[in-house]
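Have a look at the structure below before the remarks.
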Amino acid sequence: MDFKLIQADNKNIKFKLFSTNYSGLMLEKLTIKNYLLLKNIEIDLSKGFNIITGETGAGKSILINALNLLLGGRADYSIISKNKDKMIIEGIVSVSKENKAIISKILKEHEIESMITSPPSPLLKGEGGESSKINKDEGLVLIIRRELYTKAYSRCFINDTPVGTNELKELGEIIIDIHSQNEHQSLLKKEVHIELVDSYLIKKEGKKFEDKLNSYKQGYEQLLIKRNEYDEINKKKSDLDTKRSFIDFQLKEIHETDPQAGEDDELENELKTGENIEGIRESLTLAYSNLYDDSGSVLERIKIVEKELGKIGEYNTDIQKIMGDVSESTTALREASRLIESLLENLNFDPARVEEIRERLYKLQFLKKKYGGSIDEVIKLKVTLEKDLSLVDNFDDTIKKLRTEIDELVKDLFKKAGELSKTRRDKSKQLETEIVKILKEVGFENAEFRVEVTSHTAPNVDPAKQLKSGKSGTAKSAEGEGSNALNSNGYDDIEFMVKINKGDEFSSLRKTASGGEVSRIMLAVKSVLAGADKVDILVFDEIDTGISGRIAQKVGRVMKGLSGYRQVIAITHLAQIAALADEHLLVEKETEGNSTITKIRPLDKNEKVIEVAKLLSGEKVTDASIKSAKELMSV
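Structure follows, in structure tokens:
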């Protein structure tokens, strides 16, 4: 059981339970307010095949236009209902566990609130008024809303997070294909075709092809990593090569002076001594004489003190302590005298040394001022510069090693890409045959379909030159844009080509016909690629344009079959298609006072029969048309 969100606004969210085996994305509800004649409609859609019918001019195509607008289409402010300030379109999409990862990735990239897994309040009232139990692992919903204002501005929201129209377009491209005037059709994008072919081959060939494809993709990821390393190290080498002469100059300047840690402090002290040598000698001589050498020196006087205290020491313990202190002082003064004498004996300072120190300190000061403010910073810079030069010397070896690794990777990838290309070419014929078969069934008797595989090989090109930067995610060849290129799928480009009539030339899907013809071609392609196409919600408008009842029945059957894999929503005027609906919605015009409004309502079984009968015979329903309708619905 899953949760179906049946109402959502800023104040409350209501859920009801429904049972489904459908595992893809599903548009559960579309709410439109104040869009031309649509005042306030809520359309509940089902899994499978949803049909929308109604009289001409009732407003069926408004639904398609509303979906386009919801998915980031260009705003037209004239569609806001008369006397209303704003128009609102809101879609609620259920997201299965199978689709959760890719949707969550997009939401995370744009910092959008994650998908709703339970109602915001702790107590959810069920339809019967009782609290409903919720399994948070079941059911994920995505709420997309767009508002247009009469003041000519619009606001967009995904899960109540404000976004731009680009975010709506990005999300819309992976959840809904709208087949009307070539809008929101993923199959019209050439870059999607190779992924569809590969998914088809995995379905047909099984694990063998899938393993080959995965092996190539893993190797290609390694190539991109190595290419980035190669580019980065070449850039570093280039930068260092540019700076090398300056680095050499800086190192030469530092090496010539060869500063040593703490050297400047030692030299400052030595300079102070040299500059004051005579004064130092005079003071030391005088100090030595007064302390030790002259008659009446300090030490001689202390001897007298010791002698007098010695006479009376035995009478008083305090005197004995004083004697000890005096003795210690005598010892200290004798040591001081010895040191002073030693200093005087060694105080021989060469005047030339003063100039030498001054010159050395000047050089050190120059380096400190230029390279960092201290000798330690200068030494640190020297180590860094020497390391950079060492890197330059080693770059060539590293680059050579990387180039060899890249050469081997590219050669291996070309081999693997060749195997993938051969399988694509060999097996694409089967895909072409299957699609042509469906094309004939939906009214294109003379149609041909081609899977055009273009391979970009470079057997004579140096593999390392494949690393010329191209667009993100592509390792380009040096031979030019778009040629000789490896990409994430190999070296093939694939495009679907179609020829509708005899004598026509093959042309791309983008350039083929319009309206209903394009829709039927897309239907044929999608029905064959149902298991490979990643878009889960398909919307068809004008698909029955210009086809007969016999062809319409075949078109309906193809759509019905496709709805087993995808949610299909189609607007039709033909009973043969409408009869096969799982859910039938009727668009009607009604008069309210002086106004005309458009309403949309689901039909029950009996109403479906009557509506199909009307499509067969017009407004006047006959017994025969009722019988025919029932027969069509029982097919």
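Heads up: take any position in the sequence shown, counting from 1, add 2, and you land on the numbering used here.
Glycine included, every Cβ here is placed at the ideal spot set by N, Cα and C.
On a predicted model such as this, the values are computed, not experimentally measured, just so you know.
Residue(s) in a DSSP beta bridge with residue i
i       : result
Pro-164 : Phe-159
Glu-590 : Lys-601
Asn-42  : Lys-35
Ile-282 : According to DSSP, which records beta bridges pairwise, Ile-282 is partnered with nothing at all.
Ala-572 : Ile-53 and Phe-542
Val-455 : Ile-496
Ile-249 : Beta-bridge pairing links Ile-249 to no other residue.
Ile-2   : Here the chain comprises residues numbered 3 to 637, so residue 2 is not present and cannot be evaluated.
Collapsed DSSP secondary structure at residue i in the structure displayed
i       : result
Pro-353 : helix
Asn-230 : helix
His-112 : coil
Asn-318 : coil
His-181 : strand
Ile-502 : coil
Val-614 : helix
Glu-265 : helix
Gly-563 : helix
Glu-30  : strand
Asn-489 : strand
Ile-549 : coil
Glu-447 : coil
Glu-585 : strand
Ala-532 : coil
Glu-270 : helix
Glu-640 : Not covered by the structure: residue 640. The range shown for the chain is 3 to 637.
Val-537 : coil
Ala-77  : coil
Ala-154 : coil
Same chain only: Cβ atoms within 6 Å of residue i, ignoring 5 sequence neighbours per side
i       : result
Gly-551 : Gln-578
Asn-448 : Asn-503 and Lys-504
Lys-239 : Phe-397
Ile-1   : For the chain, the structure presents residues 3 to 637; residue 1 sits outside this window and is missing.
Gly-298 : none
Ala-2   : Outside the displayed range of the chain (3 to 637) lies residue 2, so it cannot be described from this structure.
Leu-32  : Ile-45 and Gly-93
Gly-482 : Low confidence applies to Gly-482: its pLDDT is 29, below 50, so where it sits in the model is not reliable, and the reading given next is rough at best. For Gly-482, where only same-chain residues beyond five positions count, there are no Cβ hits under 6 Å.
Cα-Cα separation, residue i to residue j
i       : j       : result
Leu-525 : Arg-405 : 48 Å
Val-1   : Met-561 : Given a span of 3 to 637 for the chain in the structure shown, any question on residue 1 remains unanswerable.
Gln-262 : Leu-301 : 44 Å
Tyr-290 : Asn-318 : 35 Å
Tyr-155 : Asp-46  : 28 Å
Leu-173 : Leu-144 : 10 Å
Asp-78  : Ile-146 : 19 Å
Gly-276 : Val-328 : 37 Å
Thr-435 : Phe-451 : 8 Å
Leu-634 : Ala-581 : 6 Å
Leu-564 : Gly-595 : 43 Å
Leu-288 : Lys-254 : 50 Å
Thr-425 : Ser-457 : 13 Å
Lys-245 : Lys-219 : 39 Å
Ser-96  : Gly-75  : 22 Å
Asn-350 : Gln-252 : 38 Å
Ser-247 : Thr-400 : 22 Å
Leu-225 : Leu-269 : 58 Å
Leu-29  : Thr-598 : 28 Å
Val-356 : Glu-280 : 14 Å
Lys-192 : Val-165 : 28 Å
Arg-303 : Leu-345 : 24 Å
Ser-98  : Val-557 : 28 Å
Asp-320 : Ser-331 : 17 Å
Asp-428 : Leu-203 : 11 Å
Glu-443 : Tyr-151 : 46 Å
Leu-189 : Thr-58  : 29 Å
Residue range of the unbroken beta strand (DSSP E) whose run includes residue i
i       : result
Leu-142 : 142–151
Asn-52  : 51–56
Lys-88  : 88–97
Residue range of the alpha helix (DSSP H) that includes residue i
i       : result
Ser-423 : 377–443
Leu-511 : Run containing Leu-511: none; DSSP gives neither H nor E here.
Ile-196 : 192–207
Ser-627 : 625–636
Leu-72  : 62–72
Ala-580 : 577–580
Cβ shell of residue i (< 8 Å), same chain only, five flanking positions each side left out
i       : result
Asp-243 : Val-394
Lys-382 : Gly-374
Cutoff 7 Å; reference residue i; Cβ partners in own chain excluding five residues on either side
i      : result
Asn-42 : Lys-35
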